[in-house]
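Residue numbers (my numbering): 165 to 509. Using N, Cα and C, we set each Cβ at its ideal position, and we do this for glycine too. One structure below.
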């Protein structure tokens, strides 16, 4: 072989050689980096389950105690607010605009509620997680305006004249529109309706220069209406409603009461019962709740930690009894493949 052929062959060989295989990135992609591979001996497993149980059970009790310190008032009103003459025909009541939808209820404060007190509306049997419902919106339109009206909002994307509806889609169209006012004796309890939505939603998902237009003015009327002079970034009821819930029973924030409510007080709730949940068999409730460092009242987290911790302690005791009664000889960990210096040793 002549010298030219030898040089060409050497050059091709050099080009075929892959990059250096000692680099950290190459070793990472090939899973060749050093790793800790513990030998899970019976003693190690028993200790691990026992430690998990010792940590989880007290933390679960702490979560339960914290949840029990959250004060709540829950009052379902969709049935109580229907006049006696319409108790057998709820749909006729809610669809008849000539009938007053105002309703007055009284609630007793069972324990002291320290401000801030969060006012929620709770809906049940309302599936906001339905695929077609979730897709019926245009995020670009909410941010930039009517020119981004999408067909995904159908059938609520254009009015009878073909003009785009802002905001479009079934989510906005079904906006919750019940109203709540509170009095204590003859004194009104003020409800702060500002900053009830996520700041990131107000600043990045809803446009400051996008205003409602052609909304709820066609033949197909849904829920609440919007002020056409207020930009979407300030329509906080809409912003809260547009963040869809994952479960058919959910709560959404209506406002915040910034005064304490004392035990044994009687408060009067003035309700505008406008939202139609009667057609699909839904339920409506009003909720007043305080909050803790864990959030609202929810015993699930505490129960989950207690059950998991108790099972871990039970398993550790069971493994310990089995290990004492039926001991097994353990192999030498040095003979494990990853501990041997030579794979054939």
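Suppose you measure from the CA of residue 447 to the CA of residue 416; what does that come to, to the nearest Å? 14 angstroms
Between which two residues does the alpha helix (DSSP H) harbouring residue 368 extend? 363-368
Among 387, 284, 403, 317, which one has its Cα closest to the Cα of residue 355? 284
Look at the alpha carbon of residue 489 and the alpha carbon of residue 483, and state the distance between them as a whole number of angstroms. 10 angstroms
Would you kindly report the start and end of the unbroken beta strand (DSSP E) that includes residue 360? Careful: residue 360 lies outside any beta strand (DSSP E) and carries neither H nor E.
Is the beta carbon of residue 339 sitting closer than 7 angstroms to the one on residue 374? no
How many Å lie between residue 236 and residue 327 at the Cα? 45 angstroms
With a floor of 3 residues, list each beta strand (DSSP E) that falls wholly inside the segment 226-296, ordered by position along the chain. Complete beta strand (DSSP E) runs here, min 3: 236-240, 266-272, 281-288.
Determine, using beta carbons only, whether residue 280 and residue 420 come nearer to each other than 7 angstroms. In this structure, residue 420 lies closer than 7 angstroms to residue 280 by Cβ.
Please classify residue 492 as buried or exposed, where buried requires at least 16 other C-beta atoms within 10 Å of its C-beta. Its Cβ having fewer than 16 others within 10 Å, residue 492 is exposed.
On the CB-based measure, 16 or more other CB atoms within 10 Å of its CB, does residue 123 come out buried or exposed? The requested residue 123 does not occur in the structure, where the chain is confined to residues 165 to 509.
Can you confirm whether the segment 237-247 touches the segment 378-392 when touching is taken to mean that 3 or more C-beta pairs between the two stretches lie within less than 8 angstroms? no
Using CA atoms only, rank isn't needed, just tell me which of 344, 429, 360 is closest to residue 273. Nearest Cα to residue 273 within the set 344, 429, 360: 429.
Under the three-state reduction of DSSP, which class applies to residue 206: helix, strand or coil? DSSP places residue 206 in helix when its eight states are reduced to three.
Roughly how far, in whole angstroms, is the beta-carbon of residue 379 from the beta-carbon of residue 331, given that I think they are within contact range, below 8 angstroms? Yes, residue 379 and residue 331 are in contact; Cβ-Cβ is about 7 angstroms, under 8 angstroms.
Could you please give the first and the last residue of the uninterrupted alpha helix (DSSP H) stretch that includes residue 193? 188-193
Kindly give me the distance between the Cβ atoms of residue 214 and residue 480, rounded to whole angstroms, as I take these residues to be in contact under 8 angstroms. 4 angstroms
Residue 498, buried or exposed, once every other Cβ within 10 Å from all chains shown has been counted against 16: With fewer than 16 Cβ atoms within 10 Å of its Cβ, residue 498 is classed as exposed.
Taking residue 276 as the reference, give the member of 187, 494, 230, 427 with the closest Cα. Comparing Cα-Cα distances from residue 276 to each of 187, 494, 230, 427, the minimum goes to 427.
State buried or exposed for residue 451, treating a residue as buried only when at least 16 other CB atoms are found within 10 Å of its CB. Around the C-beta of residue 451, 16 or more other C-beta atoms lie within 10 Å, and the residue is accordingly described as buried.
If you count every other CB in all the chains shown that lies within 10 Å of the CB of residue 494, and 16 or more means buried, which is it? exposed
Specify the secondary structure class of residue 331 as computed by DSSP and reduced to three states. coil
Are the CB atoms of residue 408 and residue 305 nearer to each other than 7 angstroms? No, the Cβ-Cβ distance between residue 408 and residue 305 is not below 7 angstroms.
Does the segment 455-474 come into contact with the segment 198-205, if we say contact requires no fewer than three beta-carbon pairs (one atom in each stretch) closer than 8 angstroms? no
Can you find the residues in the same chain that come closer than 6 angstroms, C-beta to C-beta, to residue 317, ignoring five residues on each side of it along the sequence? 300, 302, 332, 333
What first and last residue would you give for the beta strand (DSSP E) that runs through residue 418? Here the beta strand (DSSP E) through residue 418 covers 414-421.
Pull up the distance between the alpha-carbon of residue 234 and that of residue 187, whole angstroms please. 56 angstroms
Apart from the five residues on each side of it in sequence, which residues of its chain come closer than 6 angstroms, Cβ to Cβ, to residue 267? 245, 435, 437
Contacts around residue 399, its chain only, beta-carbon distance under 8 angstroms, and the 5 residues preceding and following it disregarded: 370, 376, 390, 391
For residue 230, which residues from the same chain have a beta carbon less than 6 angstroms from its beta carbon, with the 5 sequence-adjacent residues on both sides left out? 456, 458
Name the residue from 205, 424, 203, 221 whose alpha carbon lies nearest to the alpha carbon of residue 473. 221
Verify whether the separation of the beta carbon atoms of residue 439 and residue 342 is less than 7 angstroms. yes
Alpha carbon of residue 203 to alpha carbon of residue 501, nearest angstrom: 11 angstroms
With a threshold of 6 angstroms on Cβ separation, who are the neighbours of residue 286 within its own chain once the five nearest residues in sequence on each side are excluded? Hits under 6 angstroms: 415, 449, 451.
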